[in-house]
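Student: Sequence positions in the sequence shown follow our numbering and run 376 to 762. Attaching a single structure in structure tokens format; questions to follow.
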Amino acid sequence: MSAVADTSVYTKDNPFPARITENRVLNGPGSAKETRHFVVSIAGSGLTYKAGDSLGVYPTNRPGEVDEIIAALGATGDELVTPVRAPNPLPLRSALAAGLDLDGPTRKFVELVAAKVTEEKQRAELQTLLAPEAKERLEAFLYERSFVDFLVEYPSAKFAPQEFTGLLRRLMPRLYSIASSPRVHPQEIHLTVAAVRYRTNNRDRVGVCSTYLSDRVTVQADPVPVFVSHSHFGPPEDPTKDCIMIGPGTGIAPFRAFVQDRVAAGASGRNWVFFGDQHRADDFLYGDEWLDYAGKGQVARLDLAWSRDQAHKIYVQDKMKESAAEIWRWLQGGAYFYVCGDAKRMAKDVDLALHEIVAQQGGMDTAAAADYVKQLKKEKRYQRDVY
Ligand SMILES: Cc1cc2nc3c(=O)[nH]c(=O)nc-3n(C[C@H](O)[C@H](O)[C@H](O)COP(=O)(O)OP(=O)(O)OC[C@H]3O[C@@H](n4cnc5c(N)ncnc54)[C@H](O)[C@@H]3O)c2cc1C
Ligand SMILES: NC(=O)c1ccc[n+]([C@@H]2O[C@H](COP(=O)([O-])OP(=O)(O)OC[C@H]3O[C@@H](n4cnc5c(N)ncnc54)[C@H](OP(=O)(O)O)[C@@H]3O)[C@@H](O)[C@H]2O)c1
């Protein structure tokens with residue numbers, strides 16, 4: 376891992392207008408998923424990065440959703456508004472397109488709609504939802520809706536453009552784990568992005584940034600505002616150390632960077648990659664690259680968990696448990712243990728599996744195994760980048 380001084384003028388507050396030079400789907404035609412590989416050119420920016428860093432991306436909202444909100448407000452889009460922290464007034468359409476988060480209505484917003492709505496039945500419905508005992512029902516109701524749903528479902532609740540935009544939060548940049556090494560691609564940053572598409576409350580919805588990149592940015596043409604988010608997450612400084620990397624789904628992204636980096640640097644430490652996704656035939660992200668590394672011994676072990684290729688689920692932690700003794704030998708030999716991907720379920724289950732392996736293989740009770748894992752963290756030998 377090389378420490379490089381960041382001398383670029385481009386930062387989170389002054390993002391670089393980068394061009395995307397490649398946008399391709401990594402999944403096969405039979406997949407239920409849409410995971411894309413992006414190449415972002417940082418040529419001329421002075422930006423530097425290391426394996427383990429993330430790229431921040433400032434997206435814009437879907438024009439269709441912006442049009443729908445303007446129509447529901449009974450506005451033209453040309454009305455001048457001054458949203459949160461905006462230094463100057465700007466047209467409603469521009470404010471809604473970039474800079475404001477159209478998702479995440481809160482209880483406060485429901486209270487406002489309930490106060491404004493003139494339809495008696497609708498007001499009563501909303502007031503029932505706002506009752507203290509309906510907390511969970513209100514949460515479920517909000518989970519299924521964004522701001523546009525309220526404007527369309529409760530048309531008698533009128534909002535002036537300034538009042539409405541004043542209720543919206545700022546649209547925040549999204550972070551993506553960098554999937555390339557600067558040793559191999561100093562002028563490019565690669566990303567592995569899952570396009571978020573789902574349906575709630577009878578509406579098709581999309582994740583703002585993942586579909587901004589996937590659908591709305593024209594390759595080689597549109598500027599995409601980006602910044603590098605430097606991280607403590609990264610391969611060992613000492614190239615002789617072994618690495619165990621657990622990265623199912625998009626969690627594989629930083630480990631593509633780690634392995635590229637270690638191979639390019641001629642690191643002598645061994646690489647052990649655990650990857651998993653639904654089906655081997657369609658969801659083996661960067662499969663050719665992994666098989667090539669494994670064939671050359673640059674990845675010493677490659678363990679794959681296909682969750683839906685058989686009747687019962689097989690996950691990365693199941694593959695870890697199958698190789699418990701070997702994981703223990705690597706850890707006792709000073710290996711680093713990394714996890715990236717889903718925080719809610721996967722990272723918790725992998726953490727549990729690690730504790731179990733340590734307890735079983737090290738002959739420890741629960742408390743001693745927890746101390747061992749704590750010590751790994753203290754030595755920066757157990758690192759996670761989960762979201
Ligand atoms: C350090 C870090 C690294 C990351 N690396 C990567 C990476 O390498 N690749 C990657 O793809 N992502 C990565 N992410 C996640 C990424 O930042 C975004 O959160 C992700 O792309 C979604 O953003 P979005 O703007 O597309 O969706 P948003 O507009 O933010 O929408 C997402 C929200 O939609 C809702 N939602 C999603 N699905 C459903 C559903 N089925 N039903 C109901 N509601 C739903 C949920 O409320 C969810 O929070 C990373 C995050 C962090 C913090
Ligand atoms: N916090 C977030 O917002 C967040 C985090 C991660 C992913 N996602 C979203 O999920 C979608 C796909 O993400 P992704 O491609 O990165 O993959 P993913 O959904 O995390 O799935 C990758 C693999 O992990 C498996 N898996 C599910 N539960 C697991 C568990 N408890 N332990 C171990 N493995 C488990 C999945 O199996 P099965 O699906 O067959 O069970 C699949 O084989 C995207 O829309 C993405 O945005 C959101």
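Note that beta-carbon positions come from the ideal geometry of N, C-alpha and C, so glycine has one too.
Do L501 and V485 have their beta-carbon atoms positioned less than 8 Å apart in this structure?
Tutor: Yes, these two residues count as a Cβ contact at 8 Å.
Student: If I'm right that T567 touches T503 with Cβ under 8 Å, what's the distance once you round it to whole angstroms?
Tutor: About 44 Å; that fails the 8 Å criterion.
Student: Looking at V583 and ligand 1, is the gap between the Cβ and the nearest heavy atom below 7 Å?
Tutor: Because some heavy atom of ligand 1 lies under 7 Å away, the Cβ of V583 counts as near it: yes.
Student: Where Q692 and Y711 are concerned, what is the direct C-alpha to C-alpha distance, given to the nearest angstrom?
Tutor: Approximately 17 Å, taken between the alpha carbons.
Student: Between which two residues does the beta strand (DSSP E) harbouring A569 extend?
Tutor: Per DSSP, A569 belongs to the beta strand (DSSP E) from 563-569.
Student: Judging by CA-CA distance, which residue of V459, K387, L588 is the nearest neighbour of T435?
Tutor: Closest option to T435, Cα to Cα, is L588.
Student: Between H607 and G427, what straight-line distance do the alpha-carbon atoms span, to the nearest angstrom?
Tutor: Each residue's alpha carbon lies about 7 Å from the other.
Student: Within the continuous alpha helix (DSSP H) that includes D657, where are the two ends?
Tutor: Unbroken alpha helix (DSSP H) run through D657: 655-658.
Student: Identify which residue in V638, Q673, V648, P623 has its Cα closest to the Cα of D658.
Tutor: For D658, the nearest C-alpha among the options comes from P623.
Student: Of the residues G644, S521, Y762, R399, which one's Cα is nearest the Cα of A722?
Tutor: The option with the nearest alpha carbon to A722 is Y762.
Student: Are there 16 or more other CB atoms within 10 angstroms of the CB of D388, so buried, or fewer, so exposed?
Tutor: Burial call: exposed.
Student: How is Y668 classed by DSSP in three states: helix, strand or coil?
Tutor: It is helical.
Student: Counting only runs that start and end within the region 484-530, where is the alpha helix (DSSP H) found for 4 or more residues in a row?
Tutor: Within the region 484-530, the complete alpha helix (DSSP H) runs of at least 4 residues are 495-505, 510-518, 522-528.
Student: Name the residue from T410, Q735, S469 whose alpha carbon lies nearest to the alpha carbon of V400.
Tutor: Answer by Cα proximity: T410.
Student: Between the alpha carbons of V592 and P438, how many angstroms are there, rounded?
Tutor: Rounded to whole angstroms, V592 to P438 spans 12 Å at the Cα level.
Student: Y587: beta carbon under 7 Å from a heavy atom of ligand 2?
Tutor: No, since every heavy atom of ligand 2 falls outside the 7 Å radius drawn around the Cβ of Y587.
Student: Counting C-beta neighbours from all protein chains within 10 Å, is the total for T586 16 or more, i.e. buried, or is it exposed?
Tutor: Flag for T586 reads buried.
Student: Find the nearest neighbour of G449 within the set S416, R394, A535, judged by alpha-carbon distance.
Tutor: Closest by alpha carbon: A535.
Student: Cβ of F522 within 8 Å of Cβ of L543?
Tutor: Result yes, Cβ atoms of F522 and L543 sit closer than 8 Å.
Student: Pick out whichever of R498, D724, V559, H412 has its Cα sitting closest to the Cα of R637.
Tutor: Among R498, D724, V559, H412, the Cα nearest to that of R637 is on V559.
Student: Tell me whether H687 is buried or exposed, calling it buried when 16 or more other Cβ atoms sit within 10 Å of its Cβ.
Tutor: Looking at its Cβ environment, which holds fewer than 16 other Cβ atoms inside 10 Å, H687 is exposed.
Student: Would you please state the rounded distance, in angstroms, between the beta carbons of V733 and V748? I believe it to be under 8 Å.
Tutor: The Cβ separation is near 6 Å, so the contact holds.
Student: Does the Cβ of Q653 lie closer than 7 Å to at least one heavy atom of ligand 2?
Tutor: Correct: Q653 has its Cβ closer than 7 Å to ligand 2.
Student: Cβ of A628 versus every heavy atom of ligand 1: is any distance shorter than 7 Å?
Tutor: True, at least one ligand heavy atom lies under 7 Å from that Cβ.
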